[in-house]
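Chains as they are written, first to last, in the numbering used here: chain A, 42 to 289; chain B, 6 to 60; chain C, 59 to 520.
Yeah, the Cβ is synthetic: ideal placement off N, Cα and C, and Gly gets one too.
None of the values given here were measured: they were computed from a predicted structure.
Below is one structure, written out as structure tokens; comments come after it.
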Amino acid sequence: MSQVRTSELARPGWLGALRHPGTAALYALLLLSMGLALFMAFIFAPAERVQAEVYRLLFVHVPSAWLAFAAFGVVAVGSVMYLVRGKSRWDRLALASAEIGVLFTTLTLVTGSVWGRSVWGVWWQWDPRLTTTLIMWFIYVSYLALRAYIDDPNARQRMASVLGIVGVVSVPIVWFSVEWWRSLHPTPSVTSPGGGMPREMLTTLMVSVAAFTVFYVVLLRQRMQLELAATELGSLRERLHERNEESA
Amino acid sequence: MSDLLYLFIGFSAVWIGIFGYLVYVTGRVRNVRDELHDLRGQLDAPQAGREASSH
Amino acid sequence: MQTTRPTSPAIVADDLHVRLGQRNVLRGVSLALAPGERMAIVGPNGAGKTTLLRALAGLLRPRRGRVALRGSQSPEDPDARGGLGFLGHRPPLYPHLTARENLAFAARLQGVTEGAERIQGALVTVGLAADANRLVRHFSRGMQQRLGLALALLADPDVVLLDEPDASLDSAGVDDLPRMLDALAPRAAVLFSTHDERVAHALGARIARLEAGRLTDDPRKTPNLTPPTVPTQVRPRPPSFGRAVWAMIAKDTRVEWRAREQVPTLLMFTLLAAVVFDMAFIAALGSEVAAVAVGVLWISVLLAATLAGTRLFATEYERGTLDGLLVAPVDPSGIYLAKFTLLALETAFVGVAQLVFLSLLLNVSLFQASTIGAVVLAAAAISAILALQSSLVVSARAREMLMPLLAIPPAVPVLLAGVGISLGALEVTPAGQQGAWFGLLAVVTVVFLALGTVLYPHAARS
Numbered sequence: 042m043s044q045v046r047t048s049e050l051a052r053p054g055w056l057g058a059l060r061h062p063g064t065a066a067l068y069a070l071l072l073l074s075m076g077l078a079l080f081m082a083f084i085f086a087p088a089e090r091v092q093a094e095v096y097r098l099l100f101v102h103v104p105s106a107w108l109a110f111a112a113f114g115v116v117a118v119g120s121v122m123y124l125v126r127g128k129s130r131w132d133r134l135a136l137a138s139a140e141i142g143v144l145f146t147t148l149t150l151v152t153g154s155v156w157g158r159s160v161w162g163v164w165w166q167w168d169p170r171l172t173t174t175l176i177m178w179f180i181y182v183s184y185l186a187l188r189a190y191i192d193d194p195n196a197r198q199r200m201a202s203v204l205g206i207v208g209v210v211s212v213p214i215v216w217f218s219v220e221w222w223r224s225l226h227p228t229p230s231v232t233s234p235g236g237g238m239p240r241e242m243l244t245t246l247m248v249s250v251a252a253f254t255v256f257y258v259v260l261l262r263q264r265m266q267l268e269l270a271a272t273e274l275g276s277l278r279e280r281l282h283e284r285n286e287e288s289a
Numbered sequence: 006m007s008d009l010l011y012l013f014i015g016f017s018a019v020w021i022g023i024f025g026y027l028v029y030v031t032g033r034v035r036n037v038r039d040e041l042h043d044l045r046g047q048l049d050a051p052q053a054g055r056e057a058s059s060h
Numbered sequence: 059m060q061t062t063r064p065t066s067p068a069i070v071a072d073d074l075h076v077r078l079g080q081r082n083v084l085r086g087v088s089l090a091l092a093p094g095e096r097m098a099i100v101g102p103n104g105a106g107k108t109t110l111l112r113a114l115a116g117l118l119r120p121r122r123g124r125v126a127l128r129g130s131q132s133p134e135d136p137d138a139r140g141g142l143g144f145l146g147h148r149p150p151l152y153p154h155l156t157a158r159e160n161l162a163f164a165a166r167l168q169g170v171t172e173g174a175e176r177i178q179g180a181l182v183t184v185g186l187a188a189d190a191n192r193l194v195r196h197f198s199r200g201m202q203q204r205l206g207l208a209l210a211l212l213a214d215p216d217v218v219l220l221d222e223p224d225a226s227l228d229s230a231g232v233d234d235l236p237r238m239l240d241a242l243a244p245r246a247a248v249l250f251s252t253h254d255e256r257v258a259h260a261l262g263a264r265i266a267r268l269e270a271g272r273l274t275d276d277p278r279k280t281p282n283l284t285p286p287t288v289p290t291q292v293r294p295r296p297p298s299f300g301r302a303v304w305a306m307i308a309k310d311t312r313v314e315w316r317a318r319e320q321v322p323t324l325l326m327f328t329l330l331a332a333v334v335f336d337m338a339f340i341a342a343l344g345s346e347v348a349a350v351a352v353g354v355l356w357i358s359v360l361l362a363a364t365l366a367g368t369r370l371f372a373t374e375y376e377r378g379t380l381d382g383l384l385v386a387p388v389d390p391s392g393i394y395l396a397k398f399t400l401l402a403l404e405t406a407f408v409g410v411a412q413l414v415f416l417s418l419l420l421n422v423s424l425f426q427a428s429t430i431g432a433v434v435l436a437a438a439a440i441s442a443i444l445a446l447q448s449s450l451v452v453s454a455r456a457r458e459m460l461m462p463l464l465a466i467p468p469a470v471p472v473l474l475a476g477v478g479i480s481l482g483a484l485e486v487t488p489a490g491q492q493g494a495w496f497g498l499l500a501v502v503t504v505v506f507l508a509l510g511t512v513l514y515p516h517a518a519r520s
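In structure tokens:
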């Protein structure tokens with residue numbers, strides 16, 4: 042069974058965690074990169090010719106989408122490793138990453154919808170990329186639902202791992218949907234050669250992606266620690282229960 | 006002008022989403038650890054033969 | 059063909075640790091049985107007797123430690139299970155099959171040659187010869203236990219694991235136990251749990267006490283190896299993968315034929331959907347009737363598959379028969395493939411029936427080669443997805459609610475393809491994309507069949 046280091050189990054205040062040098066550095070990096078990304082998104086990057094200001098949503102929309110893809114990739118890796126190795130640590134990674142992936146997919150859908158209202162005049166279109174993204178969102182929501190409805194931890198981890206591997210099939214489908222079908226969604230101007238995106242915008246986008254990645258790491262770490270602590274709590278309750286039975 | 010309104014809505018949604026999640030998870034980590042701390046205390050305190058519990 | 063090496067132990071457990079949920083149920087159990095030896099595990103409720111037997115049968119994966127059956131093989135190896143007879147706390151019987159049919163199915167899964175004679179012999183030995191052709195659902199609990207014993211001992215196993223074999227037997231049955239074992243599994247190493255030490259003595263078993271997940275004395279210390287008494291034995295070869303899958307499909311089809319639990323209900327469901335939509339829309343519709351018919355068709359195919367899919371593994375799980383399939387010497391992916399075939403057949407049947415209903419009620423020409431092909435292929439694609447997901451929800455709460463949530467999102471491409479083909483067939487949209495849609499259905503089927511075959515074994519064993 043995995044042990045929690047006792048130093049981490051001391052009662053920390055809200056800022057107590059920052060006493061840990063690694064954590065403090067991570068949070069400092071987070072604030073710095075977020076600040077920089079915001080500054081660049083609003084001031085450094087020039088206004089766009091056609092869409093004027095609303096195009097700046099790109100700097101949150103694209104990083105959320107990419108991080109969601111990455112998060113679901115991590116879910117698949119964690120799931121495979123759990124089935125191979127059987128260590129709960131890998132399942133915790135998959136769970137944490139799935140939850141954050143759903144969060145980022147939600148934000149992608151919301152920002153995309155807001156942008157669509159401004160540019161297309163509608164909140165939603167049954168466009169291939171929007172549709173496939175929505176399906177991907179449902180698949181990972183159902184992953185979280187499956188976990189919530191299986192009480193036995195062992196079965197929960199195995200069943201979720203299987204679903205975590207199956208679900209990742211949706212990621213390439215969302216990615217390539219704009220190429221496989223006719224789509225209203227702007228084409229990937231970052232990955233295609235020539236691109237057509239001015240350098241300032243591209244730089245800003247990359248800084249935003251970096252900032253979101255730091256955010257992903259912070260969230261992942263925190264969520265995994267929560268799961269570890271919750272598991273520890275469960276087994277401690279069980280031990281207390283066993284001891285009470287013995288003494289009775 | 007409504008252009009800027011949509012920009013504002015979009016960015017706020019992202020910040021509220023991410024920070025809200027971070028605050029929520031951090032808060033729960035804290036609660037769970039508090040409870041762990043209490044249970045540890047319960048497990049250790051009335052134990053007559055302490056060496057039995059610390060395998 | 060394999061022969062047992064008489065000197066190697068038949069059952070070995072080495073420092074077994076098993077955790078169920080948050081509980082450490084087994085905390086370091088070690089034991090060894092020589093071929094032909096018998097051992098009784100006694101202990102209070104909750105001591106871990108059932109868990110120990112399930113871990114030895116390969117139904118639970120230990121967190122630490124090792125199990126070896128018949129020399130050196132792990133019970134997760136299908137070949138090792140070829141010589142294993144297992145009876146859990148609940149006999150793995152299909153209530154809608156007769157006693158003889160239950161045994162015949164087990165014989166096919168175990169690869170027992172000359173099954174009919176062996177089955178008759180087993181029925182006579184356990185005292186059920188007169189009831190051989192009665193449905194098991196009319197059996198009393200004690201008769202089911204006798205049949206369960208016959209099932210576990212059918213293939214002349216050399217390793218037998220029995221969880222309270224004396225449970226629910228009358229006193230005559232308990233007295234008969236030694237004779238049954240001697241007759242059906244004379245050479246086997248037998249490990250069983252019981253509350254009654256008299257049973258252990260009657261069976262000539264040495265007694266090991268299990269308390270709070272530990273054996274109170276270490277039975278490894280007295281490995282009663284008595285080599286020359288055990289003759290070398292020729293094992294029946296396990297059935298080929300294809301034969302085992304076929305046996306499971308045939309069994310499921312026969313159960314459905316007898317019980318009529320799925321297909322008639324699904325047929326009524328689709329007919330009702332067609333009637334309701336016909337009543338609701340027929341007056342208001344002109345040329346759009348074709349689109350409505352297509353919509354009703356695919357909604358009913360998806361919902362029928364979801365309803366049937368929810369029960370696909372759940373019924374086996376709840377009756378305890380899934381354990382019977384898992385201890386058979388067959389790779390577990392065969393179970394997935396058999397269940398996939400059953401679901402695909404049921405869904406295709408219901409879908410084709412709906413084509414007829416809709417053609418008659420809505421007066422559209424849906425009953426064509428291309429739409430029939432689309433229904434059959436889409437049934438395969440949806441079933442490949444749902445058979446895997448059905449295995450994931452067996453131990454979940456609220457599985458009827460959960461299943462549609464799991465099933466519908468990945469089935470969307472299948473629906474799109476089906477709708478595309480049917481609209482083309484009705485000339486609502488220009489034909490010509492049919493080929494691409496059929497291609498999509500084939501790709502989905504192949505991808506999910508591959509995923510299911512690889513991943514189901516991980517979902518099956520805890």
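What is the C-beta distance between A:TRP178 and A:THR146, in whole angstroms, given that I count them as a contact (C-beta under 8 Å)? 5 Å
Across which residues does DSSP place C:GLN412 in a beta bridge pair? Paired residues: none, contrary to the question.
Run through DSSP, which three-state label would C:LEU484 get? Residue state for C:LEU484 is assigned as coil, using DSSP reduced to three classes.
Run through chain C and tell me which residues come within less than 8 Å of A:MET122, C-beta to C-beta. None at all; the shortest Cβ gap to chain C is about 12 Å.
Under a Cβ-count criterion, where at least 16 other Cβ atoms within 10 Å of its own Cβ denotes burial, should C:GLY409 be classed as buried or exposed? C:GLY409 is buried by the Cβ-count criterion.
Per-residue contacts from A:ASN195 into chain C (C-beta, under 8 Å): ARG77, LEU78, GLY79, SER520
Could you list which residues in chain A have their beta carbon closer than 7 Å to that of C:VAL467, in chain order? At residue 467 of chain C the sequence reads Pro, which differs from the Val that was named. Neighbours of C:PRO467 in chain A, taken as residues at a C-beta separation under 7 Å, are given in chain order as ILE176, PHE179, ILE180, SER183.
Does the beta carbon of A:SER276 sit closer than 9 Å to a beta carbon anywhere in chain C? For A:SER276, at least one C-beta of chain C is nearer than 9 Å to its own C-beta.
Anything in chain C within Cβ reach of A:LEU204, meaning under 8 Å, just list it in chain order. GLN447, LEU450, LEU464
Under 8 Å: do the region 177-187 of chain C and the region 414-421 of chain C share three or more Cβ pairs, one atom per stretch? Too few Cβ pairs lie closer than 8 Å, so no.
In angstroms with no decimal places, state the Cα-to-Cα distance between A:VAL259 and B:PHE16. 20 Å
Across which residues does DSSP place C:LEU144 in a beta bridge pair? Before going further, note that residue 144 of chain C is Phe rather than Leu in the sequence given. Paired residue(s): C:LEU219.
Could you tell me which chain A residues have their CB closer than 8 Å to the CB of C:HIS516, listed as they occur along the chain? LEU124, ARG199, SER202, VAL203, listed in chain order.
Do you know how far the Cα of A:LEU204 is from the Cα of A:GLN198? 10 Å
Excluding the five sequence neighbours on either side, which residues of its own chain have a C-beta within less than 7 Å of the C-beta of C:VAL472, listed in chain order? ALA436, ALA439, ILE440, LEU499, VAL502
Determine the contact status of C:ARG124 and C:ALA138, defining contact as a CB-CB distance below 9 Å. no
Stretch pair the region 504-514 of chain C + the region 454-466 of chain C: three plus CB contacts closer than 8 Å: no
Quick check on C:GLN320: buried or exposed, where buried means 16 or more other Cβ atoms within 10 Å of its Cβ? buried
Chain B contact residues for A:LEU281, given Cβ-Cβ distances below 9 Å: The answer, in chain order, is LEU44, GLN47, LEU48.
Please give me, in chain order, every unbroken run of the beta strand (DSSP E) with length at least 3 that falls completely inside the region 181-264 of chain C. 217-221, 247-252
Mind checking if C:SER453 is an interface residue toward chain A, Cβ cutoff 9 Å exclusive? It does; some Cβ of chain A falls within 9 Å.
Quick check on the DSSP output: the alpha helix (DSSP H) that includes B:GLY42 runs from which residue to which? According to the sequence displayed, residue 42 of chain B carries His and not Gly. From DSSP, the alpha helix (DSSP H) with B:HIS42 extends over 7-49.
Identify the continuous beta strand (DSSP E) that holds C:VAL70 and give its terminal residues. 69-78
Per-residue burial, C:MET306 [other beta carbons within 10 Å of its own, 16 or more giving buried]: When all chains shown are included, C:MET306 counts as buried.
Could you give the DSSP three-state label for C:VAL83: helix, strand or coil? strand
Hey, out of A:MET75, A:TRP167, A:ALA270, whose CA is closest to B:ARG35's CA? A:ALA270
If you check the beta carbons only, do C:LEU235 and C:LEU227 fall under 9 Å apart? yes
On the CB-based measure, 16 or more other CB atoms within 10 Å of its CB, does A:ASN195 come out buried or exposed? buried
Just the C-alpha distance for C:GLY173 and C:ALA372, rounded to the nearest angstrom, thanks. Taken atom to atom, the span from the alpha-carbon of C:GLY173 to that of C:ALA372 is near 29 Å.
Between A:ARG158 and B:ILE23, what straight-line distance do the alpha-carbon atoms span, to the nearest angstrom? A:ARG158 and B:ILE23: Cα-Cα distance of roughly 22 Å.
Presumed contact (8 Å Cβ cut-off) between C:VAL359 and C:THR405, rounded CB distance: 6 Å
List, in order along the chain, the chain C residues whose C-beta lies closer than 8 Å to that of A:LEU187? LEU450, VAL451, ALA454, LEU460, LEU464
I'd like the list of long-range same chain contacts for A:ILE176, defined as Cβ closer than 7 Å, with 5 residues on each side in sequence excluded. Excluding positions up to five away in sequence, the list reads SER211.
In terms of alpha-carbon separation, which member of A:THR149, A:ALA86, A:LEU274, A:GLU94 lies closest to B:LEU12? For the set A:THR149, A:ALA86, A:LEU274, A:GLU94, the Cα lying nearest the Cα of B:LEU12 is the one of A:GLU94.
For chain A, find out if any of its Cβ atoms is closer than 9 Å to the Cβ of C:LEU74; answer yes or no. no
Report the option in C:GLN80, C:HIS75, C:GLY185, C:ARG192 whose CA atom is closest to the CA atom of C:ARG112. It is C:HIS75 whose Cα lies nearest to the Cα of C:ARG112.
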